[in-house]
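Student: There's a structure below that I have some questions on.
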Amino acid sequence: RKEVEQDPGPFNVPEGATVAFNCTYSNSASQSFFWYRQDCRKEPKLLMSVYSSGNEDGRFTAQLNRASQYISLLIRDSKLSDSATYLCVVNMRSGNTPLVFGKGTRLSVIA
Amino acid sequence: DGGITQSPKYLFRKEGQNVTLSCEQNLNHDAMYWYRQDPGQGLRLIYYSQIVNDFQKGDIAEGYSVSREKKESFPLTVTSAQKNPTAFYLCASSFGGAQSNQPQHFGDGTRLSIL
Chain A
1 RKEVEQDPGP FNVPEGATVA FNCTYSNSAS QSFFWYRQDC RKEPKLLMSV
51 YSSGNEDGRF TAQLNRASQY ISLLIRDSKL SDSATYLCVV NMRSGNTPLV
101 FGKGTRLSVI A
Chain B
1 DGGITQSPKY LFRKEGQNVT LSCEQNLNHD AMYWYRQDPG QGLRLIYYSQ
51 IVNDFQKGDI AEGYSVSREK KESFPLTVTS AQKNPTAFYL CASSFGGAQS
101 NQPQHFGDGT RLSIL
């Protein structure tokens, strides 16, 4: 099983749609989780941390399911400006790599 | 403005040449990191440093070297031993050690190409 796995997409959705991404992780001892957004040819930017109880920031909701070892990101009322690649990031708490980045899920919001 | 500054934005390397990528942060972050991203791929960790004068290899350290003489600065040298250096290089920093629960914040990257 890969350390952090995401569906690469692309997800093509119309404006106003609700879209959800899942990400699975392999290390049950992982303690911290994040979603980053990366625009084409730009650096990743922190979108939100993911807390055990789930958390919401405007149109974005993040959830953590420790039993099944996955995190999710829900985007409501999609905007054209939400088009980007969304990276799932997990602190694996082991090995050489402090944070492990998923390869990302590409989202295209279409007018 | 507080942030992470990488320079140059674009860099070209000749065969057999060493080049150094700069990364400076004024966020008072303890840990700093270097990643490499290839087209359509995820980020891979090259080196990281949790305190001054100390650093650890990441998953793909071969052909690279770093130094951490100051808290604010973590330059990366791409040596001639790195046979496939063309990539997007990203520097990041975070509060606390590398195993802390703090997120990393990124500079805007350096694109390195072979001439």
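Protein chains in written order, with the numbering used here: chain A, 1 to 111; chain B, 1 to 115.
All C-beta atoms, glycine included, are put in the ideal place defined by N, C-alpha and C.
How close, in whole Å, do the beta carbons of Y35 (chain B) and I51 (chain B) come, if the pair is a contact with beta carbons under 8 Å?
Tutor: Rounded, the Cβ-Cβ distance is 19 Å, inconsistent with contact.
Student: Would you give the residue range spanned by the beta strand (DSSP E) that D57 (chain A) belongs to?
Tutor: 55-57 is the span of the beta strand (DSSP E), which, as asked, contains D57 (chain A).
Student: Helix, strand or coil for R94 (chain B)? Go by DSSP, reduced to three states.
Tutor: Note that residue 94 (chain B) is Ser in the sequence shown, not Arg. Annotated three-state conformation of S94 (chain B) is strand, per DSSP.
Student: Are there 16 or more other CB atoms within 10 angstroms of the CB of D38 (chain B), so buried, or fewer, so exposed?
Tutor: exposed
Student: Looking at C-alpha atoms only, which residue of B:S113, B:Y33, B:R44, B:E69 is the closest neighbour of H105 (chain B)?
Tutor: B:Y33
Student: Would you tell me roughly how many angstroms separate the C-alpha atoms of I71 (chain A) and F12 (chain B), rounded to the nearest one?
Tutor: 39 Å
Student: Compare the C-alpha of D59 (chain B) against each of B:T86, B:S67, B:N84, B:L43 and name the closest.
Tutor: B:L43
Student: Within this structure, are the beta carbons of S94 (chain B) and Q25 (chain B) separated by less than 7 Å?
Tutor: no
Student: Classify D30 (chain B) as helix, strand or coil using the three-state DSSP reduction.
Tutor: coil
Student: Could you tell me whether the Cβ atoms of T77 (chain B) and N18 (chain B) are closer together than 7 Å?
Tutor: yes
Student: Taking Cβ positions only, does E3 (chain A) come closer than 7 Å to chain B?
Tutor: no
Student: In chain order, what residues of the same chain have a beta carbon less than 6 Å from the beta carbon of G54 (chain A), not counting five sequence neighbours either side?
Tutor: Q63
Student: Please identify the residue among A:S26, A:A17, A:S30, A:F34 whose C-alpha is closest to the C-alpha of G104 (chain A).
Tutor: A:F34
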